[in-house]
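**Student:**
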Amino acid sequence: MTSDKNDGLERGSLSAPRKPRKRTDEICDRIKDWIVERDMQPGDRLPQEPDLIREFEASKGTVRESLKSLETQGLIKTRTGPGGGAFVADIDGGRAMELLANFFFFRQPTISDIYQLRRRLEPDLAVSVIGLLKDEDFKRLEDTLRLYDHPPENRGEEYEQRLAELDFHTVLAELCPNPLLGFFCGFLQNLLRNQTVCQHIYEKPNPELRQHALHYQLRLLQALKAGNAEAAREIMFEHMCAAQAYMESCEAEMKRGFLRVGDK
1 MTSDKNDGLE RGSLSAPRKP RKRTDEICDR IKDWIVERDM QPGDRLPQEP DLIREFEASK
61 GTVRESLKSL ETQGLIKTRT GPGGGAFVAD IDGGRAMELL ANFFFFRQPT ISDIYQLRRR
121 LEPDLAVSVI GLLKDEDFKR LEDTLRLYDH PPENRGEEYE QRLAELDFHT VLAELCPNPL
181 LGFFCGFLQN LLRNQTVCQH IYEKPNPELR QHALHYQLRL LQALKAGNAE AAREIMFEHM
241 CAAQAYMESC EAEMKRGFLR VGDK
């Protein structure tokens with residue numbers, strides 16, 4: 001009989017022995033530490049290749065492979081020629097979200113999965129910006145609302161309005177003082193933009209969806225301006241619950257349509 005311990009190892013549990021770290025991974029971590037310890041900023045130059053070779057007592061090939069790995073991660077940029085070298089990169093949040101989305105490429109989350117987290121996180125997101133928004137921040141939110149405060153003239157405009165409704169939440173995520181909360185709310189919003197089923201829902205005429213979003217977001221904007229954290233939390237939670245119910249209803253209708261087509 002196989003022991004529970006062995007069963008866990010065969011299933012690839014966290015208790016399974018870890019492989020020895022590659023030398024390049026160790027150097028990557030040391031370069032990251034170097035950047036943090038010296039409070040280096042985007043655009044700052046890393047030491048030249050010969051200096052890195054001496055510092056890490058590594059071969060030229062190993063150092064170059066490490067730098068290439070960091071460049072792939074978006075942490076540094078390299079330039080050749082006069083004045084070239086390795087430089088600290090300005091990490092783009094959108095690029096980070098794209099890389100994280102790749103993890104879910106073969107395990108696509110459902111609308112229910114996404115809204116399960118949005119219901120929990122976005123009320124906190126709304127509260128987090130209370131008292132921090134400036135006039136220009138409110139203007140950004142109001143300008144976004146104006147993109148869908150009227151019936152669309154065509155299907156193309158309707159689709160753009162659906163994305164603008166998500167953009168309202170993305171603006172809040174960008175203004176969030178908690179970088180983790182803002183990033184993960186923005187990531188969930190991006191998942192909705194890129195979900196095939198959501199794109200099909202957004203492409204169809206959905207006047208109720210626009211009106212529903214506008215109703216809650218106008219109320220939320222008023223609560224934010226009034227500095228009413230309790231109201232902001234409640235409105236955002238209601239918004240997420242209503243949005244989930246509507247999106248899941250549209251998803252179910254689409255599936256019934258596919259089944260009817262398949263039966264013909």
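According to UniProt numbering, the sequence shown is numbered sequentially starting from 1. Using N, Cα and C, we set each Cβ at its ideal position, and we do this for glycine too.
State the CB to CB distance for the pair Leu166 and Asp124, rounded to an integer number of angstroms; the pair is presumed to be in contact (CB under 8 Å).
**Tutor:** Counted from its first residue, the sequence shown places residue 166 at position 166. Counted from its first residue, the sequence shown places residue 124 at position 124. Incorrect: roughly 18 Å between the Cβ atoms, too far for contact.
**Student:** Between the C-alpha atoms of Val127 and Lys60, what's the straight-line distance to the nearest angstrom?
**Tutor:** On the sequence shown, residue 127 is found 127 positions in, with the first residue counted as 1. On the sequence shown, residue 60 is found 60 positions in, with the first residue counted as 1. One C-alpha to the other measures close to 51 Å.
**Student:** Where are the alpha helix (DSSP H) runs, 4 residues long or more, that stay fully inside the segment 175-251, in chain order?
**Tutor:** As far as the segment 175-251 is concerned, its whole alpha helix (DSSP H) runs of at least 4 residues are 179-194, 196-203 and 207-226.
**Student:** Let me know if Val129 comes out buried or exposed under the rule of 16 or more other beta-carbons within 10 Å of its beta-carbon.
**Tutor:** The residue labelled residue 129 in the question sits at position 129 within the sequence shown. So Val129 ends up on the buried side.
**Student:** Using a threshold of 9 Å, state whether the C-beta atoms of Ala86 and Leu100 are closer than that.
**Tutor:** What you label residue 86 is simply residue 86 of the sequence shown in a count that begins at 1. What you label residue 100 is simply residue 100 of the sequence shown in a count that begins at 1. Going by C-beta atoms, Ala86 is not nearer than 9 Å to Leu100.
**Student:** Alpha carbons only, please: which of Leu141, Asn206 and Pro179 is nearest the one belonging to Leu218?
**Tutor:** Within the sequence shown, numbered from 1, the residue matching residue 218 stands at position 218. For Leu218, the nearest C-alpha among the options comes from Leu141.
**Student:** Quick one: grab the DSSP three-state call for Met1.
**Tutor:** As a working note, residue 1 is residue 1 in the sequence shown. Any answer about Met1 is weak, because its pLDDT of 46 lies below 50 and its placement is not dependable; what the coordinates show is given next. It is coil, neither helix nor strand.
**Student:** Taking the straight line between their C-alpha atoms, what separation do you get for Val88 and Gly74?
**Tutor:** Counted from its first residue, the sequence shown places residue 88 at position 88. Counted from its first residue, the sequence shown places residue 74 at position 74. The straight-line gap from Cα to Cα measures roughly 9 Å.
**Student:** Measure the CB-CB distance between Ala231 and Ala223 and report whether it falls below 9 Å.
**Tutor:** Working through the sequence shown from its first residue, we reach residue 231 at position 231. Working through the sequence shown from its first residue, we reach residue 223 at position 223. Yes, Cβ-Cβ distance for Ala231 and Ala223 is below 9 Å.
**Student:** Taking the alpha-carbon positions, what's the Val197 to Arg210 distance?
**Tutor:** As a position in the sequence shown, residue 197 is number 197, starting the count at 1. As a position in the sequence shown, residue 210 is number 210, starting the count at 1. Answer to the nearest angstrom: the Cα atoms are 18 Å apart.
**Student:** When you compare the segment 236-251 with the segment 113-122, are there three or more beta-carbon pairs, one atom per stretch, that lie closer than 8 Å?
**Tutor:** Yes, the segment 236-251 is in contact with the segment 113-122.
**Student:** Pop quiz: Arg118 and Met240 are said to be a contact at Cβ under 8 Å. What is the actual Cβ separation, rounded to whole angstroms?
**Tutor:** Numbered from 1 along the sequence shown, position 118 holds the residue referred to as residue 118. Numbered from 1 along the sequence shown, position 240 holds the residue referred to as residue 240. Right, the Cβ-Cβ distance comes to about 5 Å (below 8 Å), so this counts as a contact.
**Student:** Answer yes or no: do Phe138 and Lys225 have a C-beta to C-beta separation smaller than 9 Å?
**Tutor:** Looking up residue 138 in the sequence shown gives position 138. Looking up residue 225 in the sequence shown gives position 225. Contact flag set, yes.
**Student:** Where do the ends of the beta strand (DSSP E) carrying Phe56 lie?
**Tutor:** Taking the first residue of the sequence shown as position 1, residue 56 is located at position 56. Looking at the DSSP string, Phe56 is not in any beta strand (DSSP E); the run it does join, the alpha helix (DSSP H), is Glu49 to Phe56.
**Student:** Would you kindly work out how many angstroms separate the C-alpha atoms of Gly12 and Arg21, rounded to a whole number?
**Tutor:** Taking the sequence shown and counting its residues from 1, one reaches residue 12 at position 12. Taking the sequence shown and counting its residues from 1, one reaches residue 21 at position 21. Its pLDDT being 45, under 50, Gly12 is placed unreliably by the model, and nothing is read from it.
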